[in-house]
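The opening residue of the sequence shown carries number 4 in the working numbering; numbering runs sequentially from there.
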Amino acid sequence: MVRSRSTRIVLFTLPAVLVIALGGAAIYRAADLDLFGFYLAAGRICDRTAAALEKARIFDEKTALEALGESARNGFIYRFDDHLEEASSEAGTAGPPAGSGEGSFSIEFAGEDAVELRPEQGEFAVREGLLEWVHRMGSHLRHEGELAISKDDIGEVEIRLRVKEGNQAELFWSKNSGATARDWHQLGEIAVSTIPDNEFHVYRINATNALKDNLNYGDSIAKIFFVPSDVAGDEVALDYIRFVPRKEKYARTPCGVTHETLDGEMRRVIYVNTPQSLGFRISLPDDDPVLDFGMGILENADPVTFRVTVDSREVFSQRIAKSEEWREGRVDLGEWAGQSVEIGLGAESGKGNIAFWSNPLVHTPPRERFNVIIVLEDALRADYLSGWGLRKGTTPVKDGFAAGGVCFLNAFSQATKTRPSCPSIMTSLYPTATGVWEFTETLAESYLTLAEILRSQGFATAAFIQNDNAGPSAGLHQGFSHLFDPGILGRKTEGLYGDELYGWLAEHGDRNIFLYLHLMDPHGPYDPPPPFDARYREAPPGGTKVPRDPVLHDPGWLEEPTIESRRLLYEGEVRHNDFRFGEFLNKLPEFIPPDDTLIVFISDHGEHLGEHHLWEHRPPGFIQVLHVPLIMVCPGRLPRGVRVDQPVQLLDVMPTILELAGIDQSGLLIQGESLVSLFRGKPPAFRGRRLAVSEEVVFKEKDDTAELASVFFGGRHFINSDRFPDPAAATAEQPAKKTKRPIEGRGFNYRRDREETQPLEGSFHSWLNRRWIKPWVRELQDQGREIRSLLAGNRDDEIVSDPEARERLRDLGYLR
């Protein structure tokens with residue numbers, strides 16, 4: 004038995020039992036596979052998971068961050084937003100609030116004769132102000148009256164709803180009053196995760212940047228549809244749907260902490276209803292303290308004057324009249340070094356505008372320089388980098404980059420899609436534990452991310468993302484003081500390596516930084532710019548034709564795609580990214596010291612390119628869609644030219660970074676394991692006995708306990724999936740249709756069979772999968788579900804839903 008602190012995993016473990024049960028030939032296979040090593044590696048993951056589960060029972064992220072103490076590398080840091088509850092507040096008197104009440108709209112139910120939102124099909128009743136209805140699949144509630152809701156005035160959508168069985172509700176809208184629920188191209192959408200406990204809950208959707216799906220500036224909502232459940236026969240009751248004005252949303256409390264987006268940049272802010280002044284008592288350090296902050300306002304019609312005082316003496320003042328941009332401020336506090344002072348943040352206006360103080364903090368220079376940069380290229384297969392030995396010359400820049408550090412040859416992602424993969428990277432928890440599987444799901448605020456940890460330790464944090472699945476719509480804005488998304492960066496690589504990135508580095512390069520760069524390419528459609536399309540242009544005509552797909556794979560100009568053309572265009576994007584990465588590496592020393600900068604290069608998952616008659620990055624988890632690059636380089640701190648062959652996980656990136664940053668992990672809730680021992684100092688006893696797990700959660704229901712996963716160990720890859728394509732149904736011109744099937748297990752020797760075309764045969768591997776691997780995966784996922792229940796269990800969340808991001812996902816083929 005493999006024992007952990009709270010559970011047992013049933014495995015055959017004793018060599019004597021194996022001798023009796025398997026016989027001579029199987030003993031050889033068992034020795035070749037090192038079953039005892041599997042036992043040890045699986046046990047270590049069990050121990051880490053059991054420890055995470057015990058911590059989850061009492062976990063509080065604020066307590067965990069406070070327990071980390073002060074960073075040994077960063078200087079003094081005082082973040083005002085972390086101390087808002089300690090601040091004194093002095094509010095003045097303003098004129099009538101500008102825009103208060105304007106734009107508000109509610110759908111309520113006073114009686115059956117007045118019902119404007121009613122089911123398209125089926126009986127309904129209105130009782131005591133509630134609309135009661137038995138939901139039918141494919142049906143919806145439709146608003147029948149006249150609407151003119153200005154989308155620019157709305158800050159929040161509030162829904163009070165009771166469901167018995169459903170896990171998701173959806174709100175749709177259109178600016179066309181004649182639109183129907185089947186006019187998908189005219190509809191915007193918000194999906195809300197619901198709590199099926201037959202109790203009323205209020206679901207608040209942060210719509211500050213949300214109502215942009217199929218709506219432009221100045222548009223109004225003229226039609227509304229609502230689907231209250233995703234379960235047929237569910238008994239639902241709707242109290243109201245309310246569109247809350249932005250001003251009213253902020254006016255509920257005098258001040259608070261939130262995220263706000265201006266000019267395409269999201270920031271963490273303290274918002275205040277003006278006029279108001281906040282006072283913070285701070286004991287300043289002796290070494291060059293500086294106050295940095297940003298400023299923004301909600302409405303144009305009411306200019307705001309921002310003031311900073313030190314012990315009642317004004318040291319900064321600026322008037323802002325435009326709401327479309329952030330302004331920056333800095334105050335040198337050297338005059339008060341070593342003293343206890345009260346710093347006041349004051350904002351006043353004539354009509355009660357809302358003022359935003361973005362990321363206000365007092366800081367001193369770092370004690371020791373150490374920066375962290377993660378560069379992630381979406382959907383990049385490891386075998387398309389020439390450093391992995393299967394192709395020549397595709398990535399000369401990354402080949403040279405890897406030679407200067409540590410290259411992990413067998414790294415595996417935890418999922419086949421960005422939405423579940425990136426939360427695992429940022430939390431070091433498997434997808435079953437994060438619960439972020441589908442495109443409507445977000446990481447709960449109760450989880451602790453790598454960015455939150457580094458921010459709390461004094462790092463300046465920023466994310467530049469070109470895939471919305473790695474941003475606020477997935478809950479991955481947590482911990483980033485600054486976030487730029489595809490709305491300003493676009494989807495092309497040169498858009499990310501642009502003015503916004505280098506401007507941010509110039510502004511914050513005097514501090515230690517954590518920078519997350521998520522590039523969209525080589526994600527489809529594959530369309531490299533010249534000259535990186537040369538191999539496609541020079542290729543001979545012909546090839547194996549495939550149906551044209553301009554959304555997922557083929558650029559608009561490609562009329563007759565083939566397997567070969569898609570692969571060459573994908574390779575062209577890999578080459579283009581490599582070139583741009585080289586430009587980034589050359590420019591980086593202008594802003595931060597390269598010898599003290601850890602750069603981690605990864606991908607979130609791979610890509611099927613016709614192998615196994617599959618395309619894109621859906622299950623099943625063959626090696627093409629799970630094997631990803633992982634390179635770590637830090638010239639002043641990491642060895643050079645190290646190539647690690649053991650299987651590792653993207654789950655391990657976070658604990659590795661934390662160890663290199665000198666941050667104590669003992670109080671954190673993580674399932675990954677630091678990789679430092681694999682490349683530094685004496686190797687541990689279990690160095691060669693490592694195991695990687697990828698979960699198949701796409702298309703999976705939350706209550707499904709099937710052991711859908713891939714396990715990598717000892718050069719073997721065991722896949723349990725219900726999505727294996729039927730080879731008999733595949734032709735050269737039509738990829739196999741993926742259908743729901745009983746769970747099937749397959750095994751491969753990925754070291755000898757890199758394309759995974761030769762499944763392992765024989766009773767031994769079937770026995771191993773049935774008796775060892777599947778029970779172990781089942782127990783691991785059971786614990787993951789319990790972690791998720793403890794951290795993200797039944798509670799009223801503020802659902803962060805961004806339909807503009809959903810529209811970009813729909814354009815990429817993620818949504819329909």
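Every residue gets a Cβ at the ideal spot worked out from N, C-alpha and C, and that includes glycine.
Point to revise | Beta-carbon proximity check, Leu412 vs Met429, cutoff 8 angstroms | key: no
Check your understanding: Alpha carbon to alpha carbon, how far is Glu704 from Lys252?
Key -> 34 angstroms
Practice item. Spatial neighbours of Gln668 within its chain, please: CB distance less than 8 angstroms, with the 5 preceding and 5 following residues excluded, ordered by chain position. Key: The answer, listed in chain order, is Pro658, Leu661, Glu662 and Ser677.
Exercise for review: Starting from Trp770, follow the alpha helix (DSSP H) in both directions and report where the run begins and ends.
Suggested key: Ser766 to Leu771
Point to revise | Closest by C-alpha distance to Gly644, when choosing among Arg538, Pro257, Arg540 and Val409 | key: Val409
Exercise for review: My understanding is that Phe535 touches Arg494, with C-beta atoms under 8 angstroms, so please give their C-beta distance in whole angstroms.
Suggested key: Incorrect: roughly 16 angstroms between the Cβ atoms, too far for contact.
Practice item. Kindly indicate which residue of Asp314, His204 and Gly670 has the alpha-carbon position closest to the one of Arg60. Key: Gly670
Review point. Under a Cβ-count criterion, where at least 16 other Cβ atoms within 10 Å of its own Cβ denotes burial, should Trp391 be classed as buried or exposed?
Key: buried
Review point. Mind checking Gln469: buried by the 16 CB within 10 Å criterion, or exposed?
Key: buried
Review point. Around the Cβ of Tyr31, are there at least 16 other Cβ atoms within 10 angstroms (buried) or fewer (exposed)?
Key: For Tyr31, the predicted structure reports a pLDDT of 43, less than 50, and the residue's modelled location is therefore unreliable. A value from the coordinates is still provided. Counting Cβ neighbours within 10 Å, Tyr31 comes out exposed, since fewer than 16 surround it.
Check your understanding: What residue range is occupied by the uninterrupted alpha helix (DSSP H) comprising Lys58?
Key -> Leu38 to Ala59
Review point. What is the residue span of the alpha helix (DSSP H) that Cys425 lies within?
Key: Thr421 to Thr430 is the extent of the alpha helix (DSSP H) around Cys425.
Review point. Going straight from the alpha carbon of Ser326 to that of Glu302, what length do you get?
Key: 6 angstroms
Practice item. Run the CB neighbour count on Ala128, radius 10 Å, all protein chains shown included, and call it buried at 16 or more, exposed below. Key: exposed
Check your understanding: Going straight from the alpha carbon of Gly717 to that of Phe83, what length do you get?
Key -> 50 angstroms
Review point. In three-state terms, what does DSSP make of Ile198?
Key: coil
Exercise for review: Just confirm the distance between the C-beta atoms of Val313 and Val344, as a whole number of angstroms; I'd bet it's less than 8 angstroms.
Suggested key: With a Cβ gap of about 5 angstroms, Val313 and Val344 count as contacting.
Review point. Which stretch, first to last residue, makes up the beta strand (DSSP E) that contains Arg145?
Key: Where Arg145 is concerned, the enclosing beta strand (DSSP E) starts and stops at Leu144 to His146.
Practice item. State the Cα-Cα distance for the pair Val318 and Gly347, rounded to the nearest angstrom. Key: Going from the Cα of Val318 to the Cα of Gly347 covers about 10 angstroms.
Check your understanding: Nearest to Asn752 by alpha carbon, out of Ser713, Phe727 and Arg245?
Key -> Comparing Cα-Cα distances from Asn752 to each of Ser713, Phe727 and Arg245, the minimum goes to Ser713.
Check your understanding: Asn77 and Pro369 look like a contact to me (Cβ under 8 angstroms); what is the Cβ gap, rounded to whole Å?
Key -> 5 angstroms
**Study point:** C-alpha distance - Ile605 paired with Ser180, whole-angstrom precision
**Key:** 46 angstroms
Practice item. Using the Cα positions of Glu135 and Ala240, report the straight-line distance between them to the nearest angstrom. Key: 4 angstroms
Practice item. Pull up the distance between the alpha-carbon of Tyr539 and that of Cys425, whole angstroms please. Key: Whole-angstrom Cα-Cα distance: 31 angstroms.
Practice item. With DSSP collapsed to three states, give me the class of Tyr450. Key: coil
Review point. In chain order, what residues of the same chain lie with their CB nearer than 8 angstroms to the CB of Ser109, ignoring the 5 residues before and after it?
Key: Tyr243, Ile244, Arg245 and Phe246
Check your understanding: According to the neighbour-count rule (16 or more other Cβ atoms, all chains shown, within 10 Å of its Cβ), is Asn589 buried or exposed?
Key -> exposed
Exercise for review: Could you tell me whether the Cβ atoms of Glu380 and Asp513 are closer together than 8 angstroms?
Suggested key: no
**Study point:** 3 or more residues per run - each beta strand (DSSP E) lying fully within the segment 674-714
**Key:** 694-698
Exercise for review: Count the other C-beta atoms from every protein chain shown that fall within 10 angstroms of the C-beta of Pro100, then say buried if there are 16 or more, exposed otherwise.
Suggested key: Residue placement at Pro100 cannot be trusted, given a pLDDT of 48 that sits under 50; what the coordinates show is reported in the next sentence. Flag for Pro100 reads buried.
Check your understanding: Got a sec? Which residues, its chain only, sit under 6 angstroms from Leu518 by beta carbon, not counting five neighbours each side?
Key -> Ile376 and Ala465
Check your understanding: Under 8 angstroms, do Val701 and Thr419 count as touching if we go by C-beta distance?
Key -> Cβ distance < 8 angstroms, so Val701 and Thr419 count as in contact.
Exercise for review: Can you give me the start and stop residues for the beta strand (DSSP E) that Glu173 sits inside?
Suggested key: First-last of the beta strand (DSSP E) with Glu173: Gln171 to Ser177.
**Study point:** For Leu432 and Arg754, the rounded distance between their alpha carbons
**Key:** 27 angstroms
Check your understanding: Do you know whose CA, among Pro638, Ser286 and Val205, lies nearest Gly337's CA?
Key -> Checking every option, the nearest Cα to that of Gly337 belongs to Ser286.
Check your understanding: Quick one: Cα of Gly40 to Cα of Arg693, how far?
Key -> 8 angstroms
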